[in-house]
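Visitor: Here the protein sequences come in this chain order: A and B. Numbering-wise (my numbering), the first sequence opens with residue 222 and increments by one. Numbering-wise (my numbering), the second sequence opens with residue 222 and increments by one.
There are 2 protein chains.
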Amino acid sequence: MGNYDLKQEVTDKYSLRGRVFNKIREDILSGKYKENDELKEIAIGEELGVSRTPVREAFRQLELEGLIQIVPNKGAYVTGISMNDVKDIYMIRSKLEGLCAAWACEHITESALEEMEENIYLAKFHAERGHFEQMAELDSRFHEILYESCNSKMLEHLLKDFHQYVQRVRKKTLSTTERSLASNHEHQMIMEAIKAKNVKEAEKLATVHIHNAYDNMVKNGLKEAYSNE
Amino acid sequence: MGNYDLKQEVTDKYSLRGRVFNKIREDILSGKYKENDELKEIAIGEELGVSRTPVREAFRQLELEGLIQIVPNKGAYVTGISMNDVKDIYMIRSKLEGLCAAWACEHITESALEEMEENIYLAKFHAERGHFEQMAELDSRFHEILYESCNSKMLEHLLKDFHQYVQRVRKKTLSTTERSLASNHEHQMIMEAIKAKNVKEAEKLATVHIHNAYDNMVKNGLKEAYSNE
DNA sequence: TTGTGTACGATTGTATACAATGATGCAATC
DNA sequence: GATTGCATCATTGTATACAATCGTACACAA
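#1: Taking C-beta to C-beta, are A/E259 and A/G296 nearer than 8 Å?
#2: Which bits of chain A does B/E278 rub up against, with CB to CB less than 8 Å?
#3: At 7 Å on the CB atoms, spell out the chain A contacts of B/D306, in chain order.
#4: Going along chain B, which residues have a C-beta under 9 Å from A/L317?
#5: I want to see whether chain B comes within less than 8 Å of A/S236, judged by CB atoms only; does it?
#6: Could you check the C-alpha separation between A/I249 and B/E354 for me, to the nearest Å?
#7: Where does the unbroken beta strand (DSSP E) through A/A297 begin, and where does it stop?
#8: Going by beta carbon distance, what residues of the same chain come within less than 8 Å of B/N340, once the five residues before and after it are set aside?
#9: Roughly how many angstroms separate the alpha carbons of A/H432 and A/M312, rounded to a whole number?
#10: To the nearest whole angstrom, what separates the beta carbons of A/L426 and A/A414, a pair I think is in contact under 8 Å?
#11: What residue from A/Q290, A/H328, A/L343 and A/I302 has the CA that sits closest to A/G252's CA?
#12: Is the distance from the Cβ of B/R240 to the Cβ of B/E278 below 8 Å?
#13: Identify, in the order they occur along the chain, each residue of the same chain with its Cβ nearer than 6 Å to the Cβ of B/S396, setting aside the five sequence neighbours on each side.
#14: Which same chain residues, not among the five before or five after A/K316, have their C-beta less than 8 Å away from its C-beta?
#15: Taking the C-alpha atoms as reference points, what is the distance between B/E422 and B/A322?
#16: Beta carbon of B/F242, beta carbon of B/Q290: below 8 Å?
#17: Just to confirm the assignment, what range does the beta strand (DSSP E) spanning A/I291 have?
#18: Taking its Cβ as the centre, do 16 or more other Cβ atoms sit within 10 Å of A/G351, making it buried, or is it exposed?
#19: Whole-angstrom Cβ separation of A/E284 and A/R273, contact assumed at under 8 Å?
#20: My assumption, with CB atoms under 8 Å, is that A/H347 sits in contact with A/M356. Please give the rounded CB distance.
#21: At the 8 Å Cβ level, is B/L320 part of the contact set with chain A, yes or no?
#22: Which whole-angstrom value describes the C-beta separation of A/Y298 and A/V307, a residue pair presumed to lie in contact below a C-beta threshold of 8 Å?
#23: Give the interface partners of B/I411 over in chain A, defined as CB-CB distance under 7 Å, in chain order.
#24: Spell out the partners DSSP gives B/E259 in its beta bridges.
#25: Hey, A/I329 and A/S370 are a contact pair by Cβ (cut 8 Å); roughly how many whole angstroms apart?
#26: Would you kindly work out how many angstroms separate the C-alpha atoms of B/E377 and B/A417, rounded to a whole number?
#27: Could you tell me which chain A residues have their CB closer than 9 Å to the CB of B/L359, listed as they occur along the chain?
#28: If we ignore side chains and look at the alpha-carbon of each, how far apart do A/S236 and B/S332 end up?
#29: Between B/D309 and chain A, is any beta-carbon pair separated by less than 8 Å?
#30: Whole-angstrom Cβ separation of B/Y386 and B/I310, contact assumed at under 8 Å?
#31: Does A/S405 pass the burial test, meaning 16 or more other C-beta atoms within 10 Å, or should it be called exposed?
#32: Let's see if you can read the secondary structure: which residues bound the alpha helix (DSSP H) around B/T387?
#33: With DSSP collapsed to three states, give me the class of A/G270.
#34: Using a threshold of 7 Å, is the CB atom of A/A325 nearer than that to any non-hydrogen atom of the ligand MN?
#35: Hey, out of A/V276, A/E268, A/F280 and A/L288, whose CA is closest to A/E256's CA?
As structure tokens, this is what we get:
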């Protein structure tokens, strides 16, 4: 996570390096490349029809993102996320998400609040019907809106990084109707606290929300996902 | 600070890319390259006696670290740290440093505690005599020990990143005997809370410590440092 | 004078050639 | 049979050549 800016997000779409970067990242996060898999510059370059140069540059970025580890003169290896890492990230996120909610009280725009309300309303619909695919999507978007509303590029970028870093495991956290409904209700309370500009309450609710998400994840299924470690 | 790992720290010393990366980073943090300065691949390559390739790779990493911004087909520009960024970082650090101190209660080693005590003792000596150079050094080291004692590579790396990110402005924060002594006393209280495994107290003290550091910095001199913006 | 178009130069983007390094297998020696 | 040394090969590290792109300056016309 080095990295704490977001300027290259546009450029990445149009340069070869950016496309390679996104492709590999997706393949790692989706599970196509597994922990300790070796990524070879030539192989990936050929697969995507580009030379080694953009692949190398993408590798360097992926290393800073923490998705791969480069051993000099040897190769690039996919790094896994350990259970401890996941726990750490959730604890860190919990604190930062609270900060983010607090700041959002002051800086959120009307349209952002409206999108949140719409999001929550729609999520209720899907949660009741067990549409977990859509729930995951809506949940992601809710937090994204929150991040974009804190008026701090630093914090926004940091949280987005973490958010996508645990994407692999996060899918599981909303996989019951019960948790989906509870989570959505928590979203609503956070939104209302922000709307009321109740800083302390918003901070606390957001903090607890992430804690709950983590607890729920631990309760059902995180262990299996990592049982082969 | 994308990047949230620390694997390449060793490799960086021995590869050209790593050396270029460190050199440019230092030059930005030390102020040799100023905000909006344009960094040209060829010029820097020639200055360091390497070709464009390692320079380009270093640029990509620096971009993820947020120190430069790369505009496609145009150039790389030094990104400044605005007063708002500094404030954000301190607020974020405040939270995370609290978390770090809390975790350290459980995981700190005897030898780390001893080094802390020594650090505080020595710092008192230098603070009383106005040796600000040594104070800055000792202060940095104190926090580093703390970071290394939380038993989370994630959090450790994150805090180290932030710490060096504000290095430019941080020097000013210890530039009075008064603040030096107060800061050192805060270090001592944090250390004692950790030693006593008083989690809540350690967290609170560490959080407040960073807040104080920020307040002090704002009080004397941050504005001037950025008056040309 | 002002606006527009074009051509040129500077710089980055990509591909490829060559150098350096580390892994592997085999043979020679103890 | 085990171990060490060497040769070979695969892979990354670096340099450089060429392509694409952007900004600018200048000429020309309204």
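Heads up, the beta-carbon is just placed ideally off N, CA and C, and yes, glycines get one too.
Guide: Based on what the coordinates show:
#1: As a working note, residue 259 of chain A is residue 38 in the first sequence. As a working note, residue 296 of chain A is residue 75 in the first sequence. It is a contact, given that the beta carbons lie within the stated cut-off.
#2: For the purposes of this step, residue 278 of chain B is identified with residue 57 of the second sequence, where counting begins at 1. The contacting residues are R277, E278 and R281.
#3: Against the second sequence, residue 306 of chain B aligns to sequence position 85. The contacting residues are M375.
#4: For the purposes of this step, residue 317 of chain A is taken as residue 96 along the first sequence, with counting starting at 1. Residues of chain B passing the Cβ test: I313, K316 and L317.
#5: Counting from 1 along the first sequence, the entry for residue 236 of chain A is found at position 15. So yes, A/S236 belongs to the interface.
#6: Sequence index remark: in the first sequence, residue 249 of chain A carries index 28 (1-based). Sequence index remark: in the second sequence, residue 354 of chain B carries index 133 (1-based). Taking the straight line joining both Cα atoms gives about 45 Å.
#7: Translated into the one-based positions of the first sequence, residue 297 of chain A becomes position 76. That run of the beta strand (DSSP E) goes G296 to V299.
#8: Against the second sequence, residue 340 of chain B aligns to sequence position 119. Taken in chain order, the residues that qualify are L359, R362, F363, I366 and H408.
#9: In the first sequence, the residue the question calls residue 432 of chain A occupies position 211. In the first sequence, the residue the question calls residue 312 of chain A occupies position 91. C-alpha separation (whole angstroms): 7 Å.
#10: Stepping through the first sequence from its first residue, residue 426 of chain A is reached at position 205. Stepping through the first sequence from its first residue, residue 414 of chain A is reached at position 193. With a Cβ gap of about 6 Å, A/L426 and A/A414 count as contacting.
#11: Here residue 252 of chain A refers to the residue found at position 31 of the first sequence. The option with the nearest alpha carbon to A/G252 is A/I302.
#12: Locating residue 240 of chain B in the second sequence gives position 19, counting from the first residue. Locating residue 278 of chain B in the second sequence gives position 57, counting from the first residue. It is not a contact, given that the beta carbons lie outside the stated cut-off.
#13: Counting from one through the second sequence, the residue named residue 396 of chain B turns up at place 175. Result list for B/S396: F353, in chain order.
#14: Start at 1 with the first residue of the first sequence, and residue 316 of chain A comes out as number 95. Within the same chain, A/K316 has close Cβ partners T428.
#15: For the purposes of this step, residue 422 of chain B is taken as the residue at position 201 of the second sequence. For the purposes of this step, residue 322 of chain B is taken as the residue at position 101 of the second sequence. Going by the C-alpha atoms only, they are around 9 Å apart.
#16: Position 21 of the second sequence, counted from the start, is the residue given in the question as residue 242 of chain B. Position 69 of the second sequence, counted from the start, is the residue given in the question as residue 290 of chain B. Result no, Cβ atoms of B/F242 and B/Q290 do not sit closer than 8 Å.
#17: Reading the first sequence from its first residue, position 70 is the one you call residue 291 of chain A. It spans I289 to V292 - the beta strand (DSSP E) in which A/I291 sits, taken as one unbroken run.
#18: For the purposes of this step, residue 351 of chain A is identified with residue 130 of the first sequence, where counting begins at 1. So A/G351 counts as exposed.
#19: Taking the first residue of the first sequence as position 1, residue 284 of chain A is located at position 63. Taking the first residue of the first sequence as position 1, residue 273 of chain A is located at position 52. The pair is not a contact, with the Cβ atoms about 16 Å apart (cut-off 8 Å).
#20: The residue given as residue 347 of chain A occupies position 126 in the first sequence. The residue given as residue 356 of chain A occupies position 135 in the first sequence. Right, the Cβ-Cβ distance comes to about 5 Å (below 8 Å), so this counts as a contact.
#21: For the purposes of this step, residue 320 of chain B is taken as the residue at position 99 of the second sequence. Yes, because at least one Cβ of chain A sits closer than 8 Å to the Cβ of B/L320.
#22: Here residue 298 of chain A corresponds to residue number 77 of the first sequence, with the count starting at 1. Here residue 307 of chain A corresponds to residue number 86 of the first sequence, with the count starting at 1. Between A/V307 and A/Y298 the Cβ distance is about 19 Å, and since that is not below 8 Å, they are no contact.
#23: Locating residue 411 of chain B in the second sequence gives position 190, counting from the first residue. Ordered by position in chain A, no residue passes the 7 Å Cβ test against B/I411, which lies about 18 Å from the chain.
#24: For this step, residue 259 of chain B is matched to residue 38 along the second sequence. B/E259 pairs with B/Y298.
#25: Locating residue 329 of chain A in the first sequence gives position 108, where the first residue counts as 1. Locating residue 370 of chain A in the first sequence gives position 149, where the first residue counts as 1. Right, their Cβ atoms sit about 4 Å apart.
#26: Sequence index remark: in the second sequence, residue 377 of chain B carries index 156 (1-based). Sequence index remark: in the second sequence, residue 417 of chain B carries index 196 (1-based). Distance between the alpha carbons of B/E377 and B/A417: 22 Å.
#27: Sequence index remark: in the second sequence, residue 359 of chain B carries index 138 (1-based). None at all; the shortest Cβ gap to chain A is about 26 Å.
#28: Along the first sequence, read from residue 1 onward, the residue named residue 236 of chain A stands at position 15. Along the second sequence, read from residue 1 onward, the residue named residue 332 of chain B stands at position 111. The straight-line gap from Cα to Cα measures roughly 50 Å.
#29: By one-based count along the second sequence, residue 309 of chain B stands at place 88. Yes - at least one Cβ of chain A is within 8 Å of the one on B/D309.
#30: The residue you call residue 386 of chain B lines up with position 165 of the second sequence. The residue you call residue 310 of chain B lines up with position 89 of the second sequence. The pair is a contact, with the Cβ atoms about 6 Å apart (cut-off 8 Å).
#31: Translated into positions along the first sequence, residue 405 of chain A becomes position 184. A small correction: the amino acid at residue 405 of chain A is Asn; Ser does not occupy that position in the sequence shown. Under this definition A/N405 is a buried residue.
#32: Reading the second sequence from its first residue, position 166 is the one you call residue 387 of chain B. Note that residue 387 of chain B corresponds to Val in the displayed sequence, not to Thr. It is not in any alpha helix (DSSP H) - B/V387 carries neither H nor E in the DSSP assignment.
#33: Here the question's residue 270 of chain A lines up with position 49 in the first sequence. DSSP places A/G270 in coil when its eight states are reduced to three.
#34: With respect to the ligand MN, the structure offers nothing, as it holds no ligand at all.
#35: Taking the first sequence and counting its residues from 1, one reaches residue 256 of chain A at position 35. Measuring from the Cα of A/E256, the nearest candidate turns out to be A/L288.
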